[in-house]
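Residue numbers (our numbering), protein chains in the order written: chain A, 340 to 661; chain B, 45 to 322. A short worksheet on the structure shown next.
Spelled out as structure tokens, the structure:
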């Protein structure tokens, strides 16, 4: 087990370094971040001095190695735009994003797991078709369009929910206020993820219902409910683990768009402005952070898999994954 | 014989069949947009933000352009991005997947690790960074989406190749001394077409959604060129959202209809290719 974890971590580290090299190369192709602060008031000489100070006139490979060396020391660098340490910026924007992502994931699972199982039990009936068709609607609706419709309905027409931000300005911090701000972003992000999750859980459950142990359980005459919930659902939990692992990169991506629509003060909003300003250290920080989270969640998914289902042999699985 | 039963199985999926016809009609309208559109999509032809009338069926936008004409041209862009990006990403994915699965060993290892890398960053982040770097426009959009969408396809093809490789007819060809290219393209590829087509439909759907999202954020197709996403961009302002629904509802519904049709067609294909299912 430990050997397996070690092996996976080493591979993940190699992948991670590869990712940062790709990121760095793409970014330097974009041009200098100093072009963004150019204006009539800043002289050309001042910019050159600044360029030299930031090391932007060095070859790309050297710049990358310098960045990597700093990472090794635990230093993510300093934002070119705001002059704040990147680590501190990531820290302060990470909380709201995790809150948004976590709640959305929970929301989508609460809908998708029962719906998927229900649909599988009633396979090829009207009820199944309704659930599956609705799930397609969920994964087909563009997040920003759903967001606009929700804002139209709940902020403009009825005035029930605030359309942007995380807290009402000038109001004392309260949970009710936070929840009110959270509802619409979570609905949008959760919906897009629930759609594919429903279909995934459904097909996993269909696989399980075909198994011999289900037939045995049915033959024992323990009743439909027990067959489905004790024997079926427990085994379907495995697919829930997989689905959570699969959705994490999608959650990150979706959060960027949802945060933009609802001005949710999270990583997505910060990343967008960093991209527009070519703020390299910040973009690299975000890429590194998300890549670490995604790679770790892949490894954790596989480990949880092995814990839930002892028949899975990790070493064999690695060989196949290679 | 084989063909007719395939069509029959496909048509048993009612929503899939309906979607197929809807997509045909929309594609027809989009392809013939230059003929069908009542006005030039980029020309100022009426008042600012006028509600629908008999002359302007869907009204005019903030600068006085005909919304219906822009909708037709925008749909054209969406379909183009969806299909061309899918063709590019499928070509890359199939090629790498075939190589990795068939030859195995170190080549497989390198290709799959590279696939992991591309898959491990949230893909919209990659697209955003790329869109910020290269001048946004129709072709950059298609290329960017095409080159980030392939990893799933590569994995899918590789998985299929791994199982087909062990089949007797492939082994027989190897023993008979057939070339690798023959085995790969004449024996393995044809037998993995079904999953490729099914997954391909979902790539079309994802690409269209991504194009719309990027254009909505102002990082995709730039105005004055119409795209369904950038037509919705104006709806971020409150006055348009509340009082001019003809500006943002039609493009939004059009994206929804397109993506949903493609997804249902994919579902129908899955049923049609897999006769054992029902």
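Each residue gets a CB set at the ideal place from its N, CA and C atoms; glycine is no exception.
With a cut-off of 7 Å, does the C-beta of residue i fall near any C-beta of chain C?
i	result
residue 368 of chain A	Annotation note: the requested chain C is absent from the structure, which comprises protein chains A and B.
Leaving out five residues before and five after residue i in sequence, what residues of the same chain have Cβ atoms less than 6 Å from its Cβ?
i	result
residue 356 of chain A	none
residue 354 of chain A	none
residue 299 of chain B	256, 272
residue 490 of chain A	502
residue 665 of chain A	Since the first and last residues shown for chain A are 340 and 661, residue 665 of chain A lies out of range.
residue 600 of chain A	483, 486
residue 280 of chain B	none
residue 448 of chain A	none
What are the start and end residues of the alpha helix (DSSP H) that includes residue i?
i	result
residue 86 of chain B	Where residue 86 of chain B is concerned, there is no enclosing alpha helix (DSSP H), given that its DSSP letter is neither H nor E.
residue 277 of chain B	272 to 277
residue 215 of chain B	212 to 219
residue 603 of chain A	From DSSP, residue 603 of chain A is part of no alpha helix (DSSP H); its letter is neither H nor E.
residue 73 of chain B	58 to 75
residue 109 of chain B	Taken as a continuous stretch (DSSP letters only), residue 109 of chain B belongs to no alpha helix (DSSP H), as it is neither H nor E.
residue 294 of chain B	289 to 317
residue 346 of chain A	341 to 368
residue 200 of chain B	194 to 209
residue 566 of chain A	From DSSP, residue 566 of chain A is part of no alpha helix (DSSP H); its letter is neither H nor E.
residue 551 of chain A	551 to 558
residue 99 of chain B	Segment: none, residue 99 of chain B is in no alpha helix (DSSP H) and carries neither H nor E.
residue 624 of chain A	619 to 647
residue 255 of chain B	237 to 260
Going along the chain, which residues of its own chain have a beta-carbon closer than 8 Å to the beta-carbon of residue i, five neighbours each way excluded?
i	result
residue 610 of chain A	595, 621, 622, 625
residue 25 of chain B	Any property of residue 25 of chain B remains undetermined from this structure, which presents chain B solely from 45 to 322.
residue 348 of chain A	638
residue 104 of chain B	89, 90, 91, 92, 93, 94, 110, 111
residue 631 of chain A	355
residue 73 of chain B	80, 116, 119
residue 661 of chain A	Here residue 661 of chain A scores only 36 on pLDDT, less than 50, and its place in the model should not be relied on; the value that follows carries that caveat. No residues qualify anywhere along the chain.
Can you find the residues in the same chain that come closer than 7 Å, C-beta to C-beta, to residue i, ignoring five residues on each side of it along the sequence?
i	result
residue 647 of chain A	576, 577, 580
residue 566 of chain A	553, 556, 557
residue 154 of chain B	none
residue 571 of chain A	544, 547, 548, 553
residue 268 of chain B	86
residue 231 of chain B	213, 214, 217
residue 308 of chain B	59, 60, 63
residue 391 of chain A	none
residue 315 of chain A	Because chain A here runs from 340 to 661, residue 315 of chain A falls outside it and cannot be looked at.
Any C-beta of chain A within less than 7 Å: which residues of the stretch 293 to 307 of chain B qualify? From the stretch 293 to 307 of chain B, only 296, 299, 300, 303, 304, 307 have a Cβ closer than 7 Å to chain A.
Listed from N- to C-terminal order along the chain, which residues in the stretch 88 to 99 of chain B have their beta-carbon within a distance smaller than 8 Å of any beta-carbon of chain A? none
On the three-pair Cβ rule with 8 Å, is the stretch 134 to 151 of chain B touching the stretch 196 to 214 of chain B? yes
Below 8 Å, can you find three or more Cβ-Cβ pairs linking the stretch 273 to 280 of chain B to the stretch 251 to 263 of chain B? yes
In chain order, which alpha helix (DSSP H) runs of at least 4 residues are fully inside the stretch 466 to 521 of chain A? 482 to 489, all fully within the stretch 466 to 521 of chain A.
Report yes or no: do three or more beta-carbon pairs, one from the stretch 305 to 312 of chain B and one from the stretch 74 to 82 of chain B, lie closer than 8 Å? no
Please specify which runs of the alpha helix (DSSP H), each continuous and at least 4 residues long, are wholly inside the stretch 378 to 440 of chain A, giving them in chain order. 383 to 393, 399 to 411
Specify whether the stretch 395 to 415 of chain A and the stretch 433 to 448 of chain A touch according to this definition: at least 3 beta carbon pairs, one from each stretch, less than 8 Å apart. no
Any residues in the stretch 452 to 475 of chain A with a beta carbon nearer than 7 Å to a beta carbon of chain B? Which ones, in chain order? 463, 472, 475
Chain A contacts made by the stretch 171 to 186 of chain B, where a contact means CB separation under 7 Å: Answer in chain order: 172, 173, 174, 176, 177.
Interface positions of the stretch 488 to 506 of chain A facing chain B (Cβ-Cβ less than 8 Å), listed along the chain: Within the stretch 488 to 506 of chain A, those residues whose Cβ lies closer than 8 Å to any Cβ of chain B are, in chain order, 488, 490, 491, 495.
Segment contact flag, the stretch 534 to 545 of chain A with the stretch 571 to 587 of chain A, C-beta cutoff 8 Å, min 3 pairs: yes
Is it the case that the stretch 293 to 307 of chain B contacts the stretch 118 to 130 of chain B, given that we only count it when at least three CB pairs across the two stretches are under 8 Å? yes
Along the stretch 231 to 262 of chain B, where does the CB come closer than 8 Å to a CB of chain A? Name the residues. Within the stretch 231 to 262 of chain B, 249, 253, 256, 257, 260, 261 place their CB atoms closer than 8 Å to a CB of chain A, listed in sequence order.
In the stretch 402 to 420 of chain A, which residues sit with their C-beta less than 8 Å from some C-beta in chain B, listed in chain order? With the criterion set as a beta carbon lying under 8 Å from some beta carbon of chain B, the stretch 402 to 420 of chain A has no members that meet it.
Within the stretch 144 to 186 of chain B, note down every full alpha helix (DSSP H) run reaching 4 residues or more, in order along the chain. 149 to 164, 167 to 177
Any contact between the stretch 512 to 520 of chain A and the stretch 283 to 292 of chain B? By contact I mean 3 or more CB pairs, one from each, below 8 Å. No, the stretch 512 to 520 of chain A does not touch the stretch 283 to 292 of chain B.
Return the residues of the stretch 276 to 290 of chain B that lie within a Cβ-Cβ distance of less than 7 Å from chain A, sorted by chain order. 276, 279, 285, 286
Is it true that the stretch 525 to 540 of chain A meets the stretch 473 to 481 of chain A, where meeting means three or more beta-carbon pairs spaced less than 8 Å apart? Two segments are said to touch when three or more pairs of C-beta atoms, one from each, lie closer than 8 Å; by this definition the stretch 525 to 540 of chain A touches the stretch 473 to 481 of chain A.
Can you list, in chain order, the residues of the stretch 106 to 131 of chain B whose Cβ is nearer than 7 Å to any Cβ on chain A? none
With a cut-off of 8 Å, do at least 3 Cβ pairs link the stretch 461 to 468 of chain A to the stretch 231 to 240 of chain B? no
Which residues, taken in chain order from the stretch 146 to 162 of chain B, show a beta carbon closer than 9 Å to some beta carbon of chain A? 152, 153, 156, 157, 158, 160, 161, 162
When Cβ atoms are compared, which residues of the stretch 47 to 62 of chain B fall closer than 8 Å to chain A? Cβ contacts with chain A: 59.
Between the stretch 603 to 632 of chain A and chain B, which residues of the former have CB atoms less than 8 Å from a CB of the latter, in chain order? 610, 611, 614, 615, 617, 622, 625, 626, 629, 630
State whether the stretch 521 to 530 of chain A contacts the stretch 442 to 457 of chain A, with contact taken as three or more CB pairs (one from each stretch) at a distance under 8 Å. Yes, the stretch 521 to 530 of chain A is in contact with the stretch 442 to 457 of chain A.
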